[in-house]
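Student: Numbering (the working numbering), first residue to last: 3 to 621.
Glycine included, every Cβ here is placed at the ideal spot set by N, Cα and C.
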């Protein structure tokens, strides 16, 4: 396993500690020859950290059979590192009688569903234009099962959603525990929410098929500005009904990833959304506008955004690229400056380019045209530096207090997280990282120890020194941690909303060990937090090793204007900065626990944090 893509190369040095943390490197090859050797030689405190970059780390596929290993458990069996937490295993048991009967949140109208969408989903996943009316307090109905077996039953619900989109949104909203649920993370409660979420998702998929058939049978089914049908969605008066199945598929794609942990289904849903969009000419709208234009543009570009998200998980290109000449649809607008939409799409494209480059780097000996790869890496570096510079614009921008401005700021933050993660990818390539598909899973096999020829090829092709690589890690991972820390919490128009008064930058979870059932985001970018945590922790172990061996001169490039007289204090200051960064990421990910597909990422980071800072377990 090569660690360079995620943050650090583990090179040989004078001791076992330095052997693991000597530097962020260019060649990217473990000194150890096999996973078993690695396990025997590894510092126990590093075991949890290495789990952050194993294949599908933190991702649990709920669609596998109960007796089949999950994607995450398969990794632990392969590397022999770490154990599944209780929350990682399948939920198959029937709730016991001594636990309060599980409940879910439900809604009594389309208006209540869309209001909840604007509170929980829209801030980081703006599928439709801003609400046409002031936001209201979230008022979910507490619903319990009429069956002792906790089966999902339409008759138990106060209302059944009317469209594929409201059904798909309900599949995500039902995962948020009801405020009066006293045991939200009890096994039976999780099972009950999961059952209803899948119930809504399957109903949404069926509704998509029916609605798509109706669109195909409508003579004016193409969503151009000419002869446009005027039937509005039940959720928003400026959203055409023809967009409902497309937006539902995009929502279901995120549901499949975040809740089900099924990236294959995610890709199928978003590919269907693209195909349906193109069948209705949504990709070739002109610059002229109607009252429906913003919703149409948003539907197309949110579909493309999720398509690239899926491609970054699969290492395969979307079925149509964002720069395809057939696409003429303008970007949507928040009505603020600077606008984030183009930047968001470009960050996803750059991220994908990094993954393709990683595949080339890891393709095996004798396959690298050295100068070509070297130049390609430099070009990617230049592109990403320009995008990181652009992302800094959002820090200087002063957004007004309109309802749409915080959403624009959030999306700039998401783009900033993604591009700084891509920046780490440039010098740090790895064949298996976070929830990305392992190259080895595609049938490419390598010897346990890469050949010297291959290592030499990789090193000669790589344009960065060890010091440059480690600095990139540091200067990329810390901004990601800061961006996560400053993400806002869900807000409601009334202070009586249970967590509506929590300001941005203050998490509803106060420390890494806290239980947290209030989602801050739709966690489709949580993988960036895992990679950043890994980079920060590896740099931490490098600094600690240098402190213990009194060789701080080897990490001067990481310190701020170090001098021999102050080098120890400078190093300890950096250790604290790294610790704080990982702590911010760990706390931020805790609220993702309600999403079973990716909720394990928070547990992975938390375990790595507590292993590295066992003296701070009570923070």
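Across the segment 106-125 and the segment 134-146, are there enough close Cβ pairs to call them in contact, namely three or more that are closer than 8 Å?
Tutor: Enough Cβ pairs lie closer than 8 Å, so yes.
Student: DSSP puts residue 108 in a beta bridge; with which residues?
Tutor: Locating residue 108 in the chain shown gives position 106, where the first residue counts as 1. DSSP, once it has assigned bridges, lists 143 as partnering residue 108.
Student: Once DSSP output is grouped into helix, strand and coil, what is the label at residue 483?
Tutor: Taking the first residue of the chain shown as 1, we reach residue 483 at position 481. Of the three classes helix, strand and coil, the one that applies to residue 483 here is helix, per DSSP.
Student: Are residue 349 and residue 421 closer than 8 Å when you measure CB to CB?
Tutor: The residue you call residue 349 lines up with position 347 of the chain shown. The residue you call residue 421 lines up with position 419 of the chain shown. Yes, the pair counts as a contact, with Cβ atoms nearer than the cut-off.
Student: Name the DSSP beta bridge partners of residue 234, please?
Tutor: Stepping through the chain shown from its first residue, residue 234 is reached at position 232. Answer is 242.
Student: If you draw a straight line from the C-alpha of residue 567 to the C-alpha of residue 329, how long is it?
Tutor: As a position in the chain shown, residue 567 is number 565, starting the count at 1. As a position in the chain shown, residue 329 is number 327, starting the count at 1. Cα to Cα, residue 567 sits roughly 60 Å from residue 329.
Student: Going by C-alpha distance, which of 216, 267, 605 is nearest residue 246?
Tutor: The residue labelled residue 246 in the question sits at position 244 within the chain shown. It is 216 whose Cα lies nearest to the Cα of residue 246.
Student: Closer than 8 Å is the cut-off here; do at least three beta carbon pairs connect the segment 276-288 with the segment 192-207?
Tutor: By the C-beta criterion, the segment 276-288 is judged not to be in contact with the segment 192-207, since fewer than 3 inter-stretch pairs fall below 8 Å.
Student: May I ask you to report which of helix, strand or coil DSSP gives residue 603?
Tutor: Locating residue 603 in the chain shown gives position 601, counting from the first residue. Helix at residue 603.
Student: Count Cβ pairs between the segment 523-541 and the segment 243-260 that sit closer than 8 Å; are there 3 or more?
Tutor: yes
Student: Does DSSP put residue 329 in a helix, a strand or coil?
Tutor: In the chain shown, counting from the first residue as 1, residue 329 sits at position 327. In the structure shown, residue 329 sits in coil (DSSP, three-state: anything other than H, G, I, E or B).
Student: Residue 227 by DSSP, collapsed to three states: which one?
Tutor: Taking the chain shown and counting its residues from 1, one reaches residue 227 at position 225. Since pLDDT at residue 227 reaches only 46, below the 50 mark, its modelled position is unreliable, and no value is offered.
Student: So does the segment 544-553 actually touch the segment 589-606, counting three or more Cβ pairs closer than 8 Å?
Tutor: In the pairwise beta carbon analysis, the segment 544-553 is classified as not touching the segment 589-606: fewer than three pairs are separated by under 8 Å.
Student: For the segment 125-189, list the beta strand (DSSP E) runs that are entirely contained and at least 3 residues long, ordered along the chain.
Tutor: 143-146
Student: Rounded to the nearest angstrom, what separates residue 395 and residue 534 at their Cα positions?
Tutor: Along the chain shown, read from residue 1 onward, the residue named residue 395 stands at position 393. Along the chain shown, read from residue 1 onward, the residue named residue 534 stands at position 532. Rounded to the nearest angstrom, the two C-alpha atoms are 22 Å apart.
Student: Going by DSSP, what residue range makes up the alpha helix (DSSP H) through residue 317?
Tutor: Here residue 317 refers to the residue found at position 315 when the chain shown is read from its first residue. No alpha helix (DSSP H) holds residue 317; DSSP gives it neither H nor E.
Student: Are the CB atoms of residue 389 and residue 355 within a distance shorter than 8 Å?
Tutor: Position 353 of the chain shown holds residue 355. Position 387 of the chain shown holds residue 389. No, they are not a contact pair.
Student: Closer than 8 Å is the cut-off here; do at least three beta carbon pairs connect the segment 176-190 with the segment 102-110?
Tutor: Yes: the two stretches touch, three or more of their Cβ pairs being nearer than 8 Å.
Student: By the DSSP assignment, the alpha helix (DSSP H) with residue 536 in it spans what residues?
Tutor: For the purposes of this step, residue 536 is taken as the residue at position 534 of the chain shown. Unbroken alpha helix (DSSP H) run through residue 536: 528-550.
Student: Please list the terminal residues of the continuous alpha helix (DSSP H) segment that includes residue 574.
Tutor: Numbered from its first residue, the chain shown carries residue 574 at position 572. 569-592 is the extent of the alpha helix (DSSP H) around residue 574.
Student: Once the 5 residues before and after residue 191 are set aside, which same chain residues still bring their CB inside 6 Å of it?
Tutor: On the chain shown, residue 191 is found 189 positions in, with the first residue counted as 1. The residues are 104, 185.
Student: Based on Cα-Cα distance, which residue from 554, 583, 572 lies nearest to residue 477?
Tutor: The count along the chain shown starts at 1 and reaches residue 477 at position 475. Selected option, being the one with the closest Cα: 583.
Student: Quick check on this structure: which residue in 134, 597, 377 has the alpha carbon closest to the alpha carbon of residue 297?
Tutor: For the purposes of this step, residue 297 is taken as residue 295 along the chain shown, with counting starting at 1. Of the candidates 134, 597, 377, 134 places its Cα closest to the Cα of residue 297.
Student: Which stretch, first to last residue, makes up the alpha helix (DSSP H) that contains residue 272?
Tutor: For the purposes of this step, residue 272 is taken as residue 270 along the chain shown, with counting starting at 1. That run of the alpha helix (DSSP H) goes 265-281.
Student: Just to confirm my understanding: we take residue 269, look at its own chain, exclude 5 residues before and 5 after, and list those with CB closer than 7 Å. What are they?
Tutor: As a working note, residue 269 is residue 267 in the chain shown. Within its own chain, the residues whose Cβ lies closer than 7 Å to the Cβ of residue 269, once the five positions on either side in sequence are excluded, are 312, 316, listed in chain order.
Student: Compute the distance between the beta-carbons of residue 324 and residue 351, then report whether it is under 8 Å.
Tutor: Residue numbering aside, residue 324 sits at position 322 when the chain shown is read from its first letter. Residue numbering aside, residue 351 sits at position 349 when the chain shown is read from its first letter. Contact: yes.
Student: Quick one, are the C-beta atoms of residue 314 and residue 357 less than 8 Å apart?
Tutor: The sequence position of residue 314 within the chain shown is 312, counting from 1. The sequence position of residue 357 within the chain shown is 355, counting from 1. Yes, they are a contact pair.
Student: Can you look up residue 117 in the DSSP assignment and give me helix, strand or coil?
Tutor: The count along the chain shown starts at 1 and reaches residue 117 at position 115. Helix.
Student: Quick one: is residue 596 buried, meaning 16 or more other Cβ sit within 10 Å of its Cβ, or exposed?
Tutor: What you label residue 596 is simply residue 594 of the chain shown in a count that begins at 1. Residue 596 comes out buried.
Student: Which class does residue 198 belong to by DSSP, given the choice of helix, strand or coil?
Tutor: Taking the first residue of the chain shown as position 1, residue 198 is located at position 196. In the structure shown, residue 198 sits in a helix (DSSP, three-state: H, G or I).
Student: Leaving out five residues on either side along the sequence, give the residues of the same chain with a beta carbon under 6 Å from the beta carbon of residue 236.
Tutor: On the chain shown, position 234 is the one that residue 236 refers to. Once the five neighbours on either side are set aside, the close Cβ partners of residue 236 are 112, 164, 165.
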